[in-house]
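Chemist: What follows is a structure written as structure tokens; I'll ask about it next.
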Ligand code: PAF
């Protein structure tokens, strides 16, 4: 077997990316898609590694800060970007294609079709970020139609997002599998996120209260679990956006934290909104 590395393809044009994936699929290649917004860190690279482990012949990484999933007062303009470094990281991680579209090539000036999920996306981040999951579903549906992957890999840190996308795939009959890869944490416990770059040294230390509080979660009444987390993160100076104990599949609130519960946290550390979660297994 040849150990020669393939040259990584780089696409900006959606039509060319789609043509490439069509040709590769017709040639029998198993295609994996790793959708990202770039500014890649170890968490993203672990998604590429997961695609490799599952035997993908082609691993396409999309890098696109999707304007449609940001609210008017959110961080779209200042979201960190570093295309050159991202391309090199993808190459080193074994991606075989990178797709780097622009808002103009993804959305026609009169774009008027959006994908809405109307159950799992109503609470949690969906309630605090109106239109967010509509934007996510729309861009992910477009990426699926462009890449036609056999499977797509998402990170568990965006717990609600992964559930919403799975539901979209089921309800709209997308012919692909969703793989959800574990959260990657820094040594300190902080869940990796491109937004961690916004944090000052002090904020980074305070942000650890989230993963620490989640680690300490034990089965018991949900109210108590919630109160303990809120107390711990607010003591560290964070502002709670939400702390919820939900059924890990339906995302509906539960009364008791037990096997099958997901504990989800969103909190502001200074101006930076961080999310993290723990599934009780
Ligand atoms: O998780 C993300 O980075 C984004 O929400 C995604 C899935 C790439 C869609 O823009």
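Numbering (our numbering), first residue to last: 13 to 293.
We put the CB at the ideal spot given by N, CA and C, even for glycine.
1. Measuring CB atoms only, is the region 37 to 46 touching the region 125 to 137, in the sense that at least three cross pairs come out at less than 8 Å?
2. Regarding residue 133 and the ligand PAF, is the C-beta to nearest heavy atom distance less than 8 Å?
3. Is residue 49 near the ligand PAF, with its Cβ less than 8 Å from a heavy atom?
4. Can you find the residues in the same chain that come closer than 7 Å, C-beta to C-beta, to residue 145, ignoring five residues on each side of it along the sequence?
5. Using the three-state DSSP reduction, which class does residue 74 fall into: helix, strand or coil?
6. Using a 10 Å radius around the Cβ and a threshold of 16 neighbouring Cβ atoms, would you call residue 157 buried or exposed?
7. Between residue 254 and residue 136, is the Cβ-Cβ spacing less than 9 Å?
8. Do the region 172 to 186 and the region 202 to 218 meet, that is, are 3 or more Cβ pairs less than 8 Å apart?
9. Report back the beta-carbon spacing between residue 71 and residue 108 to the nearest angstrom; my notes put them in contact at under 8 Å.
10. Is residue 172 near the ligand PAF, going by C-beta to nearest heavy atom under 8 Å?
11. Taking 8 Å as the threshold, find out whether the region 223 to 235 comes into contact with the region 258 to 276 through three or more Cβ pairs.
12. What separation, rounded to the nearest whole angstrom, lies between the Cα atoms of residue 165 and residue 251?
13. Is the region 49 to 63 close to the region 75 to 94, with three or more CB pairs under 8 Å?
14. Rounded to a whole number of angstroms, what is the C-alpha to C-alpha distance between residue 186 and residue 247?
15. Residue 152: buried (16+ other C-beta within 10 angstroms of its C-beta) or exposed?
16. Can you tell which of 293, 22, 216, 218 has the C-alpha that lies nearest to the C-alpha of residue 100?
17. Report the residue ranges of all beta strand (DSSP E) runs contained in full by the region 219 to 277; include only those spanning at least 3 residues, in chain order.
18. Helix, strand or coil for residue 359 per DSSP?
19. Tell me which same chain residues have a C-beta within less than 8 Å of the C-beta of residue 148, skipping the five on either side of it?
20. Extract the residue ranges of the alpha helix (DSSP H) inside the region 94 to 161, only unbroken runs of 4 or more that lie entirely within it.
21. Leaving out the 5 sequence neighbours to the left and right, which residues in its chain are closer than 7 Å to residue 67 when beta-carbon positions are compared?
22. In terms of residue numbering, what span does the alpha helix (DSSP H) encompassing residue 80 cover?
23. What I want to know is whether the C-beta of residue 29 ends up closer than 8 Å to one or more non-hydrogen atoms of the ligand PAF.
24. Taking its Cβ as the centre, do 16 or more other Cβ atoms sit within 10 Å of residue 14, making it buried, or is it exposed?
25. Throw me the rounded Cβ distance for the residue 61 and residue 105 pair, which I believe falls under 8 Å.
26. With 16 as the cutoff for other CB atoms within 10 Å, does residue 110 come out buried or exposed?
Modeler: To lay it out plainly:
1. no
2. Taking the first residue of the chain shown as position 1, residue 133 is located at position 121. For the ligand PAF, not one heavy atom lies less than 8 Å from the Cβ of residue 133.
3. Start at 1 with the first residue of the chain shown, and residue 49 comes out as number 37. Residue 49 Cβ: within cutoff of the ligand PAF.
4. Here residue 145 refers to the residue found at position 133 when the chain shown is read from its first residue. Only 129, 133, 138, 176 meet the Cβ criterion.
5. Here residue 74 corresponds to residue number 62 of the chain shown, with the count starting at 1. Three-state result, residue 74: strand.
6. Residue numbering aside, residue 157 sits at position 145 when the chain shown is read from its first letter. Exposed is the call here.
7. By 1-based counting over the chain shown, the position of residue 254 is 242. By 1-based counting over the chain shown, the position of residue 136 is 124. Yes.
8. no
9. By 1-based counting over the chain shown, the position of residue 71 is 59. By 1-based counting over the chain shown, the position of residue 108 is 96. Right, the Cβ-Cβ distance comes to about 5 Å (below 8 Å), so this counts as a contact.
10. As a first step, residue 172 must be located in the chain shown, where it is residue number 160. Checking every heavy atom of the ligand PAF against the Cβ of residue 172, none is found closer than 8 Å.
11. yes
12. What you label residue 165 is simply residue 153 of the chain shown in a count that begins at 1. What you label residue 251 is simply residue 239 of the chain shown in a count that begins at 1. The straight-line gap from Cα to Cα measures roughly 31 Å.
13. yes
14. If you number the chain shown from 1, residue 186 lands on position 174. If you number the chain shown from 1, residue 247 lands on position 235. Each residue's alpha carbon lies about 45 Å from the other.
15. Walking along the chain shown from the start, residue 152 turns up at place 140. Counting Cβ neighbours within 10 Å, residue 152 comes out buried, since at least 16 surround it.
16. As a position in the chain shown, residue 100 is number 88, starting the count at 1. Out of 293, 22, 216, 218, 22 has the C-alpha closest to the C-alpha of residue 100.
17. 251 to 259
18. Outside the modelled stretch of the chain, which goes from 13 to 293, sits residue 359, for which no answer is possible.
19. Here residue 148 corresponds to residue number 136 of the chain shown, with the count starting at 1. Counting only Cβ-Cβ distances below 8 Å, and skipping sequence neighbours, we find 78, 81, 173, 176, 177.
20. 95 to 105, 115 to 118, 136 to 140, 144 to 159
21. Residue mapping note: residue 67 aligns to position 55 of the chain shown, counting from 1. Once the five neighbours on either side are set aside, the close Cβ partners of residue 67 are 42.
22. Start at 1 with the first residue of the chain shown, and residue 80 comes out as number 68. Element bounds for residue 80: n/a, residue is neither H nor E.
23. Looking up residue 29 in the chain shown gives position 17. Every heavy atom of the ligand PAF is 8 Å or more from the Cβ of residue 29, so no.
24. As a working mapping, residue 14 is identified with position 2 in the chain shown. With a pLDDT of 49 at residue 14, under the threshold of 50, the predicted position of this residue should be treated as unreliable, and no value is reported.
25. Here residue 61 is taken as the residue at index 49 of the chain shown, counted from 1. Here residue 105 is taken as the residue at index 93 of the chain shown, counted from 1. Indeed, because the Cβ distance is near 7 Å, the residues count as touching under 8 Å.
26. What you label residue 110 is simply residue 98 of the chain shown in a count that begins at 1. By the 10 Å Cβ count, residue 110 comes out buried.
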